[in-house]
Amino acid sequence: MSLTAYFAGEVSDITIVPVNFSYDRIMEQTLFAYEHIGVPKPKESTGGLLKALRSLNDHFGNIYVNFGTQISVKEFLKNTNLVTNESLKPASLQQLTPEQSSQVRDIADEVVVLQQNSAVATITNLLALVLMDSLMKCKALDYEELLLEVDWMMEVLRGLGASVYEKDIKKSVDRILVVHHKTVTLDRERRLRLLTGDLMEVSSDVTAKMKGHILKAETMMTAVPVIQLQIYINPMLHYILTPALVYVLVKRGSTNKDKLANDYYRLRKLLKHEFFYVERTEKDILNKAIDYCTQQHIIINNEGTLRTGDVHRLQYLLEWALLPFLTTLMLCIDVTIEMRRCEHKKVLKCVQERAEREEQHPYCLSLESAANCLQGLLATGALLRHKTDSDSVYEVVPAAMESCRQLVSSVLPEINAVWGRNNPVFELRAPLASRL
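To convert, note that position 349 of the sequence shown is 349 in UniProt numbering; the numbers rise steadily by one, no gaps.
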């Protein structure tokens with residue numbers, strides 16, 4: 001462990017520098033998207049290696065490296081006394097005390113927060129946000145509208161504290177359209193379109209290995225590119241999440257800060273495994289989110305009573321940013337209530353099946369997202385977990401689960417987006433049946 005030398009007194013201090021890496025295009029973004037819906041990675045083979053080597057000739061754009069604020073372990077721990085009973089042992093035999101283990105966790109939490117704060121908003125992140133907004137509204141943007149939307153999104157993220165790398169918007173957009181030519185395109189009318197995936201014929205071998213519900217080929221055709229978009233949006237949600245939660249809580253009806261805070265902390269706990277946070281700093285973060293929402297007129301504070309403002313464009317962005325996560329959480333709640341007692345793998349399959357049947361946001365098909373929501377329900381006491389030899393079994397705690405359901409349903413955005421081929425933002429590929 002890197003901090004062992006410090007606790008053993010072998011060094012006087014350790015400096016930790018958080019580093020954030022951002023990519024214009026992730027090399028395995030399509031495989032990542034398929035993994036989210038339960039399709040396993042293909043086996044390594046000579047043919048696969050040759051195909052991968054050919055793909056290296058493609059254009060992957062830039063890598064952005066941002067160094068965050070460094071941490072002095074000595075200063076962070078405020079010169080805590082290092083002398084313990086373990087100090088009497090030889091360095092090779094020393095073990096961390098419970099207090100030191102807690103300190104290590106605190107340092108790790110701080111590093112993660114600083115690393116998240118160092119995330120750079122690249123042109124790919126901006127394009128993904130703009131394109132998802134376009135999908136939600138079922139409106140394809142022409143080229144000039146695209147440039148204006150990217151510019152607006154840059155200003156929003158800067159206002160939320162993000163570092164935005166891009167300066168020449170037109171040049172950056174033109175460049176990134178080349179980098180992501182397999183995912184997005186400008187059609188003949190120069191409107192921005194999201195390319196659907198290939199219509200896959202899933203082989204029986206792959207079907208047997210799939211971890212979740214067996215999705216329809218047409219579902220995967222449109223879901224995979226949307227999930228790829230979401231992968232590039234997720235790093236930016238670190239900045240968007242807290243004001244978004246404040247807005248959807250106030251949107252339910254006029255409230256005060258104390259009631260808002262109570263429900264805010266409950267939602268944060270439910271989404272804890274989806275969005276990392278440090279509990280001891282949440283009060284300050286909530287206050288900053290309320291201040292931001294007030295300054296931007298997202299909400300209005302009238303002598304302690306909070307109500308919604310009228311900046312509809314920004315409010316809509318905050319709502320749809322939460323949509324896939326709150327919807328997945330709601331699906332997990334409804335499935336577990338119906339089943340009462342169920343295995344982990346069975347819950348994931350049922351959540352996927354229901355998300356497909358109800359034509360929910362494609363990211364609701366993510367097994368990882370559903371698993372994170374189940375962890376949140378466990379953390380709040382709405383579920384109990386029993387370990388078995390083969391799997392975990394969940395048991396519903398009725399009163400706690402109903403309380404969670406009421407809270408989530410009260411803030412779930414009512415956005416009726418179209419996720420199939422009827423959405424005009426999708427550009428259908430030439431009909432080509434591929435085998436998965």
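From the three backbone atoms N, C-alpha and C, an ideal C-beta is built for every residue, glycine too. Here the structure is a predicted model, which is why all the values come from computation and not from measurement.
Asked	Found
For Tyr394, the nearest candidate out of Cys332, His59 and Lys171 (CA to CA)	Cys332
DSSP-derived helix/strand/coil call for Lys387	strand
Pick from Pro243, Ser118 and His361 that is closest to Asp291, judged by C-alpha positions	Pro243
Same chain, Cβ closer than 6 Å to Asp151, five either side skipped, listed in chain order	Ile169
Where the alpha helix (DSSP H) through Glu155 begins and ends	Tyr143 to Gly159
Complete alpha helix (DSSP H) runs within the region 37-78 (minimum length 4 residues, chain order)	46-55 and 73-76
Minimum length 4: unbroken alpha helix (DSSP H) runs contained in the region 311-346	312-339
Uninterrupted alpha helix (DSSP H) stretches inside the region 246-283 (no shorter than 4 residues)	257-270
Exposed unless 16 or more other CB atoms sit within 10 angstroms - verdict on Thr305	exposed
Runs of beta strand (DSSP E) lying entirely within the region 368-427, each at least 3 residues, in chain order	383-387 and 392-396
Where Ile299 sits in the DSSP three-state scheme	strand
Per-residue DSSP class, three states only, for Leu215	coil
Rounded distance between the beta-carbons of Glu427 and Leu194, thought under 8 Å	7 Å
Whole-angstrom distance between Arg357 and Met136, CA atom to CA atom	19 Å
Residue of Ile26, Phe67 and Leu148 minimising C-alpha distance to Val111	Phe67
Nearest-angstrom Cβ-Cβ length linking Leu286 and Leu267, presumed shorter than 8 Å	Not confirmed; about 11 Å, so no contact.
Gly161 beta carbon near the ligand FMN (any heavy atom closer than 7 Å)	The model on display carries no ligand, and the ligand FMN is accordingly not part of it.
Exposed unless 16 or more other CB atoms sit within 10 angstroms - verdict on Met27	exposed
Counterpart residues of residue 443 in DSSP-defined beta bridges	Nothing can be reported for residue 443, as the shown portion of the chain is limited to 1 through 436.
Nearest to Leu126 (by Cα), restricted to the options Lys139, Glu149, Ala108 and Glu145	Glu149
Nearest residue (CA-CA) to Pro324, options Lys216, Ile227 and Phe21	Ile227
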